[in-house]
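Asker: First residue of the sequence shown: 53, per our numbering; consecutive thereafter.
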Amino acid sequence: MGYFSNRNVFSSFDVETLNGDSAFFDAGRLEIFKSLAFDAMKSFKQNNEYPNDFFSSIDINLEGNSQFVDGFVIEAPVAGVFAEDPLSNTIPGDTSTTETLAVGAQVVSTIDFAGDTDWFEVTLVAGTTYDISMLGNGGGLIDPLVRIMSAAGTELANNDDIIFGDFRDSLLTFTATTSGTFYISAEAWSDNTGSYTLSLSEANTGDVAASTATTASIFLNSSLSGTIETAGDADWYAITLTAGSRYIISNTGFGDTVLSDAYLELRDSTGAIVAFDDDSGPESNARLAYVIETTGTYYVAASAYLDNTGDYAITIEEVPNLVTRDLDGIANFLTD
53 MGYFSNRNVF SSFDVETLNG DSAFFDAGRL EIFKSLAFDA MKSFKQNNEY
103 PNDFFSSIDI NLEGNSQFVD GFVIEAPVAG VFAEDPLSNT IPGDTSTTET
153 LAVGAQVVST IDFAGDTDWF EVTLVAGTTY DISMLGNGGG LIDPLVRIMS
203 AAGTELANND DIIFGDFRDS LLTFTATTSG TFYISAEAWS DNTGSYTLSL
253 SEANTGDVAA STATTASIFL NSSLSGTIET AGDADWYAIT LTAGSRYIIS
303 NTGFGDTVLS DAYLELRDST GAIVAFDDDS GPESNARLAY VIETTGTYYV
353 AASAYLDNTG DYAITIEEVP NLVTRDLDGI ANFLTD
């Protein structure tokens with residue numbers, strides 16, 4: 053769950069230090085004092101941000117907008133008004149979590165506050181490679197960050213950006229060396245907040261068919277990894293898309309051997325091309341936006357320009373439709 057660095061935790065309080073000195077602090081100006089935790093008896097336990105800074109006692113004024121909740125003092129935006137427990141909608145950010153994510157499944161959740169982390173328990177098999185994808189939901193979380201943790205809660209690997217600074221959704225490809233329990237930590241870079249979609253799937257480590265006979269598929273609002281092994285190779289991924297919805301699809305060089313100049317096609321249920329792109333994404337990667345006319349099965353076809361080979365990441369997400377206006381509509385908009 054992390055500390056509440058973006059909430060008003062203590063408007064002010066008095067501190068008596070170990071040597072007997074007293075001081076008055078205004079938390080509105082000192083971020084260090086926005087992360088102090090207390091035990092069930094409201095006695096000081098530790099400073100979460102600076103754990104070596106201890107005080108013998110802290111005298112907290114709980115009058116006005118404040119209340120004591122689960123080891124933290126929270127200040128409501130309106131005096132005396134608490135619509136709900138501020139921690140009731142959060143997911144624990146440690147091995148105590150009860151949230152789970154199955155292989156081949158997705159979950160939609162929210163980074164509720166700066167520093168929030170959501171942990172999901174997963175069961176992985178030794179020798180199997182997995183794609184862990186974390187996308188902001190159509191303007192939700194701007195810069196996701198995902199980590200894979202051991203059963204003991206130790207970080208094993210992480211990913212922040214598919215393309216550093218340019219493609220800020222996260223995709224982590226991870227091969228388990230042991231079978232058993234792991235944890236996925238869904239986070240955000242810096243102080244970002246917002247909704248996200250977290251996906252877990254087995255990576256396609258073998259050849260993916262370049263036809264409607266493919267058995268490979270991709271989740272909506274997710275990313276997956278793949279490899280163009282030979283010149284002229286193409287990998288097709290099936291997905292069901294909905295008429296009237298707008299989608300952004302990307303093919304991006306990614307991984308240990310980055311695919312140069314990725315190419316992308318969207319094909320209908322018969323295999324016919326309905327849209328394609330070569331260089332509209334960052335760093336000569338492929339990116340296209342398309343509004344579907346007919347609901348049904350489509351295929352995202354990943355390939356490369358010329359004879360390039362290497363590793364790639366396919367991403368597909370549903371985004372809001374663009375607002376269009378005729379001339380009268382533009383005139384009305386400008387004069388409103």
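Where a beta carbon is used, it is the ideal one built from N, C-alpha and C, also for glycine. Computed from a predicted structure; not experimentally measured.
Give me, in chain order, the residues of the same chain whose beta-carbon lies closer than 6 Å to that of Glu239; leave out the 5 immediate sequence neighbours on both sides.
Answerer: Position 187 of the sequence shown, counted from the start, is the residue given in the question as residue 239. Answer for Glu239: Thr169, Leu197, listed in chain order.
Asker: I believe Ala255 touches Ser277 by the beta-carbon criterion, under 8 Å. Please report the beta-carbon distance rounded to the nearest angstrom.
Answerer: Looking up residue 255 in the sequence shown gives position 203. Looking up residue 277 in the sequence shown gives position 225. Rounded, the Cβ-Cβ distance is 6 Å, consistent with contact.
Asker: Alpha carbon to alpha carbon, how far is Ser222 from Leu187? Give it in angstroms, no decimals.
Answerer: Mapped onto the sequence shown, residue 187 falls at position 135. Mapped onto the sequence shown, residue 222 falls at position 170. Cα-Cα distance, rounded: 6 Å.
Asker: Give me whichever residues DSSP pairs with Gly188 in a beta bridge.
Answerer: The residue you call residue 188 lines up with position 136 of the sequence shown. In DSSP, Gly188 forms a bridge with Tyr248.
Asker: Anyone know if the C-beta pair for Leu252 and Tyr182 falls short of 8 Å?
Answerer: Residue mapping note: residue 252 aligns to position 200 of the sequence shown, counting from 1. Residue mapping note: residue 182 aligns to position 130 of the sequence shown, counting from 1. The answer is yes: Cβ separation under 8 Å.
Asker: Which residues in the same chain have their Cβ closer than 6 Å to the Cβ of Phe271, if we skip the five residues on either side of it in sequence?
Answerer: Stepping through the sequence shown from its first residue, residue 271 is reached at position 219. Excluding positions up to five away in sequence, the list reads Gln158, Ser251.
Asker: Could you give the C-beta distance for Ala286 and Ser355, rounded to a whole number, given that I count them as a contact under 8 Å?
Answerer: Translated into positions along the sequence shown, residue 286 becomes position 234. Translated into positions along the sequence shown, residue 355 becomes position 303. Sure, about 4 Å apart at Cβ, within 8 Å.
Asker: What are the boundary residues of the beta strand (DSSP E) that Val174 is part of?
Answerer: Your numbering for residue 174 matches position 122 in the sequence shown. Element bounds for Val174: 170-176.
Asker: Give me whichever residues DSSP pairs with Ala353 in a beta bridge.
Answerer: By 1-based counting over the sequence shown, the position of residue 353 is 301. For Ala353, which the question treats as bridged, DSSP gives the partners Trp288, Glu317.
Asker: If we ignore side chains and look at the alpha-carbon of each, how far apart do Glu369 and Ala261 end up?
Answerer: As a first step, residue 369 must be located in the sequence shown, where it is residue number 317. As a first step, residue 261 must be located in the sequence shown, where it is residue number 209. Rounded to the nearest angstrom, the two C-alpha atoms are 23 Å apart.
Asker: In whole angstroms, what is the alpha-carbon distance linking Val352 and Asn303?
Answerer: To locate residue 352, count along the sequence shown from 1; it is residue 300. To locate residue 303, count along the sequence shown from 1; it is residue 251. Spanning the two alpha carbons is a distance of roughly 9 Å.
Asker: Taking only three categories from DSSP, how would you classify Glu345?
Answerer: Along the sequence shown, one-based indexing puts residue 345 at 293. Note: Glu345 maps to coil in three-state DSSP.
Asker: Helix or strand or just coil, what does DSSP make of Phe90?
Answerer: Position 38 of the sequence shown holds residue 90. Because Phe90 carries a pLDDT of 44, less than 50, the predicted location of this residue cannot be relied on, and the following value inherits that uncertainty. Three-state DSSP puts Phe90 in a strand.
Asker: Do Gly246 and Ile194 have their C-beta atoms within less than 8 Å of each other?
Answerer: Within the sequence shown, the letter at position 194 stands for residue 246. Within the sequence shown, the letter at position 142 stands for residue 194. The answer is yes: Cβ separation under 8 Å.
Asker: Go through its chain and collect everything with a Cβ distance to Asp308's Cβ below 8 Å, but skip five positions before and after it.
Answerer: Taking the first residue of the sequence shown as 1, we reach residue 308 at position 256. So the list reads Asp363, once near-sequence residues are dropped.
Asker: Which of the three DSSP states, helix, strand or coil, is assigned to Ser253?
Answerer: The residue labelled residue 253 in the question sits at position 201 within the sequence shown. Note: Ser253 maps to strand in three-state DSSP.
Asker: Looking at Gly156: is its Cβ nearer than 8 Å to the Cβ of Ser237?
Answerer: In the sequence shown, the residue the question calls residue 156 occupies position 104. In the sequence shown, the residue the question calls residue 237 occupies position 185. The answer is no: Cβ separation not under 8 Å.
Asker: Check the DSSP bridge columns for Asn211 and list the partner residues they point to.
Answerer: Counting from 1 along the sequence shown, the entry for residue 211 is found at position 159. In the DSSP output, where bridge partners are listed per residue, Asn211 has Val198.
Asker: Is the beta carbon of Glu151 less than 8 Å from the beta carbon of Ile163?
Answerer: By one-based count along the sequence shown, residue 151 stands at place 99. By one-based count along the sequence shown, residue 163 stands at place 111. No.
Asker: Have a look at Thr282, Tyr235, Ser242 and flag the residue whose alpha-carbon is nearest the alpha-carbon of Gly258.
Answerer: Taking the first residue of the sequence shown as position 1, residue 258 is located at position 206. The residue with the shortest Cα to Cα distance from Gly258 is Thr282.
Asker: Are Asp329 and Leu311 closer than 8 Å when you measure CB to CB?
Answerer: Locating residue 329 in the sequence shown gives position 277, where the first residue counts as 1. Locating residue 311 in the sequence shown gives position 259, where the first residue counts as 1. No, the Cβ-Cβ distance between Asp329 and Leu311 is not below 8 Å.
Asker: Name the DSSP bridge partner or partners of Gly232?
Answerer: Position 180 of the sequence shown, counted from the first residue, corresponds to residue 232. In DSSP, Gly232 forms a bridge with Leu176.
Asker: Considering only their Cβ atoms, is the gap separating Asp320 from Asn360 smaller than 8 Å?
Answerer: The sequence position of residue 360 within the sequence shown is 308, counting from 1. The sequence position of residue 320 within the sequence shown is 268, counting from 1. Against a cut-off of 8 Å, the Cβ pair of Asp320 and Asn360 comes out as no contact.
Asker: Classify Ala343 as buried or exposed, calling it buried when 16 or more other Cβ atoms lie within 10 Å of its own Cβ.
Answerer: Here residue 343 is taken as the residue at index 291 of the sequence shown, counted from 1. Strictly speaking, residue 343 in this sequence is Val, with Ala absent from that position. The residue in question, Val343, is exposed, as its Cβ has fewer than 16 Cβ neighbours within 10 Å.
Asker: Quick one, are the C-beta atoms of Tyr248 and Glu173 less than 8 Å apart?
Answerer: Locating residue 248 in the sequence shown gives position 196, counting from the first residue. Locating residue 173 in the sequence shown gives position 121, counting from the first residue. Taking 8 Å as the Cβ cut-off, Tyr248 and Glu173 do not qualify as a contacting pair.
Asker: Please classify Asn373 as buried or exposed, where buried requires at least 16 neighbouring CB atoms within 10 angstroms.
Answerer: Mapped onto the sequence shown, residue 373 falls at position 321. Exposed, by the Cβ-count rule.
Asker: Would DSSP call Ser302 helix, strand or coil?
Answerer: Here the question's residue 302 lines up with position 250 in the sequence shown. Correct three-state label for Ser302: strand.
Asker: Tell me whether the beta-carbon of Tyr289 lies closer than 8 Å to the beta-carbon of Thr266.
Answerer: Residue numbering aside, residue 289 sits at position 237 when the sequence shown is read from its first letter. Residue numbering aside, residue 266 sits at position 214 when the sequence shown is read from its first letter. Cβ atoms of Tyr289 and Thr266: closer than 8 Å.
Asker: Between the alpha carbons of Val177 and Phe165, how many angstroms are there, rounded?
Answerer: As a working note, residue 177 is residue 125 in the sequence shown. As a working note, residue 165 is residue 113 in the sequence shown. One C-alpha to the other measures close to 33 Å.
Asker: Using a threshold of 8 Å, state whether the C-beta atoms of Thr227 and Thr292 are closer than that.
Answerer: Reading the sequence shown from its first residue, position 175 is the one you call residue 227. Reading the sequence shown from its first residue, position 240 is the one you call residue 292. Taking 8 Å as the Cβ cut-off, Thr227 and Thr292 do not qualify as a contacting pair.
Asker: Please look up how many angstroms separate the CB atoms of Ala209 and Gly232, rounded, as I've assumed it's under 8 Å.
Answerer: To locate residue 209, count along the sequence shown from 1; it is residue 157. To locate residue 232, count along the sequence shown from 1; it is residue 180. Between Gly232 and Ala209 the Cβ distance is about 16 Å, and since that is not below 8 Å, they are no contact.
Asker: Is the distance from the Cβ of Ala301 to the Cβ of Leu340 below 8 Å?
Answerer: To locate residue 301, count along the sequence shown from 1; it is residue 249. To locate residue 340, count along the sequence shown from 1; it is residue 288. Per the sequence shown, the amino acid found at residue 301 is Ile instead of Ala. For Ile301 and Leu340, yes; Cβs fall inside 8 Å.
Asker: List the DSSP bridge partners of Val159.
Answerer: For the purposes of this step, residue 159 is identified with residue 107 of the sequence shown, where counting begins at 1. Looking at the DSSP assignment, Val159 forms a beta bridge with Leu250.
Asker: Does DSSP put Pro372 in a helix, in a strand, or in coil?
Answerer: For the purposes of this step, residue 372 is taken as the residue at position 320 of the sequence shown. Of the three classes helix, strand and coil, the one that applies to Pro372 here is coil, per DSSP.
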